[in-house]
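As structure tokens, the structure follows; a few thoughts come after it.
In the working numbering, the protein residues as written are 5 to 247.
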């Protein structure tokens, strides 16, 4: 079943890629106040929804390939059932979901150039919650959190904080259980998850403070994939442990 999914996603990526490119072939919107007889050469921009869809299809395909690689190439030592495995699995799955959601909003940040505003941390300028979080010209509150660059950056930050908190709780839980209970592989996987989470958060803050240079932006995107990969490895280590 996984192989059919991977083939379908691979084919859909081509379609999504074209739709993304096509969205950037439209004439750029003229700035307000510019008269009709004034020349304007805008910068073509792809739609942030199609950009996100194209990225997420790649992430899903990568995750399926990585999980199947673990299943075929990695042999896990037998781990006896232990109290707390259910909570660890829940934290691992929650971490994966939060990481994916953060990556989705990272695509929105990139598509809307939301990384070029509020280039300060931990506050956004001098406020924890910016004044223009909800603006009427974007429509409803939901539309603001999808189209308003300020709300999109704010959401990306909050998701990142929640992801780091979840991975921290995961690590603490594993450390409290002890290596004799979980085994060294699960323990090392937890170390990897925590290191990837903190490394990614520091990279994200640095990228924001330096106004998103291409090099740091690309590294930050790679960091998200590394964090997701470490969480996939952690949950795979727990996959065959009975609840």
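Cβ atoms here follow ideal geometry from the backbone N, Cα and C, with glycine treated the same way.
Beta-carbon proximity of residue 165 to residue 152, cut-off 8 Å: no
Which of the three DSSP states, helix, strand or coil, is assigned to residue 141? helix
Between the C-alpha atoms of residue 68 and residue 106, what's the straight-line distance to the nearest angstrom? 19 Å
Any alpha helix (DSSP H) of 4 or more consecutive residues that is wholly inside the segment 142–217: 145–151, 153–181, 183–186 and 188–213
For a quick check, are the C-beta atoms of residue 74 and residue 237 less than 8 Å apart? yes
On a CA-only basis, which of 85, 130, 97 and 160 is nearest residue 112? Give me that one, please. 160
Do residue 89 and residue 197 have their beta-carbon atoms positioned less than 8 Å apart in this structure? no
Whole angstroms is fine: what's the gap from residue 129's alpha carbon to residue 156's? 15 Å
Extent of the continuous alpha helix (DSSP H) to which residue 74 belongs: 52–77
Pull up the distance between the alpha-carbon of residue 120 and that of residue 212, whole angstroms please. 8 Å
Could you check what DSSP says for residue 131 in three-state terms: helix, strand or coil? strand
Which of helix, strand or coil does DSSP assign to residue 221? helix
According to the neighbour-count rule (16 or more other Cβ atoms, all chains shown, within 10 Å of its Cβ), is residue 122 buried or exposed? buried
I think residue 100 touches residue 239, with their Cβ atoms under 8 Å apart; what is that distance to the nearest whole Å? 7 Å
Would you kindly work out how many angstroms separate the C-alpha atoms of residue 243 and residue 189, rounded to a whole number? 13 Å
Assuming residue 118 is part of the alpha helix (DSSP H), what are its boundary residues? That residue, residue 118, is in no alpha helix (DSSP H); it is neither H nor E in DSSP.
CB-CB under 7 Å to residue 241, same chain, minus the five flanking residues each way: which ones, in chain order? 80, 189, 190 and 193
With DSSP as the reference, label residue 86 as helix, strand or coil. coil
Excluding the 5 residues flanking residue 1 on each side, which residues of the same chain have their C-beta closer than 8 Å to its C-beta? For residue 1 there is no data in the structure shown, the boundaries of the chain being 5 and 247.
Under a Cβ-count criterion, where at least 16 other Cβ atoms within 10 Å of its own Cβ denotes burial, should residue 37 be classed as buried or exposed? Because residue 37 sits at a pLDDT of 49, beneath the cut-off of 50, its placement in the model cannot be relied upon, and the point is left open.
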